[in-house]
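Asks:
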Amino acid sequence: MSQNTGKAPIRVGLLGLGTIGSGVVATLEAQSGRLEKRLGRRIEIRRALVRDVDKSRAVDFDATLLTTVPTDVLEADDIDVVVELMGGIEPAREYMEMALRNGKHLVTANKDVMANHGVHLLHLAGENYLDLYFEASVGGGIPLIGPFRQDLTANEITEIHAIINGTTNYILTRMDQDGANYATALQEAQDLGYAEPDPANDVEGHDVAYKLAILASLAFGARVHPDDIYREGVGGLDAIDFVHARALGYAIKLLAIGKSHPDGIEVRVHPTLVTRDFLLSQVSGVENAVRIRGDLLGHALFAGRGAGPNPTASAIVADLIDLAHNLNSGVHSRVPIRFDLDLAVKPMTEIRSRYYLRFWVADQPGVLAQIGQIFSDTGISIAGLDQKELDAGLGIAELVILTHEAGEANMRAAREQMEANAVVRRFDALLRVEDLQEDE
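Going by the numbering used here, 54 is the number at position 70 of the sequence shown; the sequence numbering is gapless.
1. Since A240 and G125 should fall inside the 8 Å C-beta cutoff, what is the C-beta to C-beta distance between them, to a whole number of angstroms?
2. Within this structure, are the beta carbons of A173 and I155 separated by less than 7 Å?
3. Can you round the beta-carbon distance between L386 and G363 to whole angstroms, since I take them to be within the 8 Å contact cut?
4. Could you give the DSSP three-state label for K195: helix, strand or coil?
5. With 16 as the cutoff for other CB atoms within 10 Å, does Q(-13) come out buried or exposed?
6. Of all the alpha helix (DSSP H) runs that stay within the bounds of the stretch 21 to 80, which reach a length of 4 or more residues?
7. What are the boundary residues of the beta strand (DSSP E) that A417 is part of?
8. What does DSSP give as the partner residue(s) for A390 in the beta ladder?
9. Would you tell me roughly how many angstroms separate the C-alpha atoms of A413 and A197, rounded to the nearest one?
10. Taking the C-alpha atoms as reference points, what is the distance between V274 and E418?
11. Counting only the same chain and skipping the five closest in sequence on each side, list residues whose C-beta sits under 6 Å from that of W344.
12. Got a sec, what are the start and stop residues for the alpha helix (DSSP H) A169 sits in?
13. Does the distance from the C-beta atom of A147 to that of N153 stay below 7 Å?
14. Starting from the C-beta of R342, find all residues in its chain whose C-beta is less than 6 Å away, skip the five residues before and the five after it, and write them out in chain order.
15. What number of angstroms, rounded off, separates the C-alpha of V301 from the C-alpha of P127?
16. Which residues mark the beginning and the end of the beta strand (DSSP E) in which S244 is found?
17. Are L58 and A32 close, meaning C-beta to C-beta below 7 Å?
18. Output the distance between the C-alpha atoms of G205 and A109, rounded to the nearest integer angstrom.
19. Pull the bridge partners of D375 from the DSSP assignment, please.
20. With the cut-off set at 7 Å, would you say D115 and N312 are in Cβ contact?
21. Could you round the C-beta distance between G189 and E216 to whole angstroms and report it? I think they count as a contact, below 8 Å.
22. Is it buried or exposed for H254, if we count other Cβ within 10 angstroms and need 16 for buried?
23. N165 to E373, Cα distance in whole Å?
24. Considering Cα atoms alone, identify which of T92, G87, P181 is closest to R77.
25. Name the one or two DSSP bridge partners that P435 has.
26. Write down every uninterrupted run of the beta strand (DSSP E) in the stretch 94 to 174 whose length is 3 residues or greater and which is fully enclosed by it, in chain order.
27. Can you tell me whether S244 is buried or exposed, with buried defined as 16 or more other CB within 10 angstroms of its CB?
28. Look at the Cβ atom of E250, then the Cβ atom of I335, and state whether they are nearer than 7 Å.
29. Spatial neighbours of R207 within its chain, please: CB distance less than 8 Å, with the 5 preceding and 5 following residues excluded, ordered by chain position.
30. Could you pull the start and end residues of the alpha helix (DSSP H) that N294 belongs to?
31. Suppose you measure from the CA of R18 to the CA of D222; what does that come to, to the nearest Å?
32. Hey, G0 and L69: beta-carbon distance below 7 Å or not?
33. Between the C-alpha atoms of A406 and V351, what's the straight-line distance to the nearest angstrom?
34. Output needed for G292: all residues of its chain with C-beta closer than 7 Å, excluding positions within five of it in sequence on either side, in chain order.
35. Less than 6 Å between C-beta atoms, sequence neighbours within five positions excluded: which residues of the same chain meet that for A441?
36. Are the beta-carbon atoms of Q401 and I355 separated by less than 7 Å?
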């Protein structure tokens, strides 16, 4: 039964009523009584922008509230909050800006827009005394943006290590646990609906770079654009590297890494060897996890389902609830977001890491001495070297090398020299290593 509190309902307009939008509608309907008791007012969906009003939908929705005209939502006097669920950059960015200029509070799940234009939109919201919430833009239902905006503000966050793409984590889990090759694991992900028919956005690391740009900007208080982030995808990984990594005590993950240094910010996305007994390496399938380090808190791990209609709807409705509390209290932007620290993004050539290398050399005397000399000349110390396989017919041997920490520029120079050396017949893998440890 509806609770008559005398407070006007919070009137919502949706931009998009696809899988995620339907999940939001279903969640609000299922939780309407509980939310009204908690907030003292109803959350009502007054209108929804769609491409086709006659399309069959996953949720029962009043057809008279559907429209194909954006201004029916963006300029409507009977809408307080716009929830953007369209995806992509345009026209979503344009509509989000229009909503704010027309005095509408905004909730979005759009990582693409927030990564590329979030600073401008947050500034515009502040200028107009409005709220902009975007919890669902990173990590689906995992609470991340809220803690970064509020709960962790007493901390200086210095590190982020994150697995924030379920598609690639599923692929790498299959390659690690079942020995599947990349093509097979990708096809399975597509068959299960985890990967798009064109998987480039996921497997090339673009999706992760967008999410890291958002998290790093919030964590470090400085503007980080996706174009600033070094990025490698997973398409070049070979199943044999998972076997070798396991023998060395590592798992391979597509890791988003952010680190704050006195002289700048380090942000990168690439396949990474992660210590196998570390919690982050045990995140499997389509699960996501984010590990941060704060000066007061130490390490904290946030984990859960990073995508799908229910987790995403959970985050969007949570944002609506937080926004409702602001409206009830007559406030907005209780903890303003700032991106005013003058910290430049460090070039990739200035980072330091450990490295895993796999390549084939001529099976002849003196080869190891030549390889060792190249590493010595470029200032890299070898932590371990193992001859994994010998092809007597071709007269070549497979070498796996693990280095101590070295500069990226040094490693690139070493690789260039090795590939130019006649004894190196084929260079198959160069992966970075993160030796993460739990707090004691």
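We put the CB at the ideal spot given by N, CA and C, even for glycine. For clarity, every value in this text was computed on a predicted model and none was experimentally measured.
Replies: To lay it out plainly:
1. About 18 Å; that fails the 8 Å criterion.
2. yes
3. About 16 Å separates the beta carbon of L386 from that of G363, a gap too long to meet the 8 Å contact definition.
4. helix
5. With a pLDDT of only 48 at Q(-13), under 50, the local geometry of the prediction cannot be trusted, and the value read off the model is given with reservation. Per the 10 Å Cβ criterion, exposed.
6. 55 to 58
7. Per the sequence shown, the amino acid found at residue 417 is Val instead of Ala. Taken as a continuous stretch (DSSP letters only), the beta strand (DSSP E) holding V417 covers 408 to 418.
8. S337
9. 27 Å
10. 15 Å
11. I380, E382, R409, R410
12. 166 to 175
13. The sequence given here has Ile at residue 147, not Ala. Their beta carbons are under 7 Å apart, which means I147 touches N153 by this criterion.
14. For R342, same chain residues with a beta-carbon under 6 Å away, outside a window of 5 residues either side, are V384, D412, A413 in chain order.
15. Looking at the backbone, the Cα of V301 and that of P127 are separated by about 12 Å.
16. Going by DSSP, S244 is part of the beta strand (DSSP E) stretching over 234 to 245.
17. no
18. Approximately 18 Å, taken between the alpha carbons.
19. I380
20. no
21. Yes, G189 and E216 are in contact; Cβ-Cβ is about 6 Å, under 8 Å.
22. Its Cβ being crowded by 16 or more others within 10 Å, H254 is buried.
23. 19 Å
24. Comparing Cα-Cα distances from R77 to each of T92, G87, P181, the minimum goes to T92.
25. With the chain covering -15 to 424 only, the question about residue 435 has no answer from this structure.
26. 141 to 147
27. S244 should be labelled buried.
28. Taking 7 Å as the Cβ cut-off, E250 and I335 qualify as a contacting pair.
29. V103, S201, F323
30. From DSSP, the alpha helix (DSSP H) with N294 extends over 293 to 313.
31. 50 Å
32. yes
33. Cα-Cα distance, rounded: 10 Å.
34. The beta carbon of G292 sits closer than 7 Å to the beta carbons of G124 from its chain, once the five residues preceding and following it are set aside; these are given in chain order.
35. Since the first residue of the chain shown is -15 and the last is 424, residue 441 is not available in this structure.
36. In this structure, the beta-carbon distance from Q401 to I355 does not fall below 7 Å.
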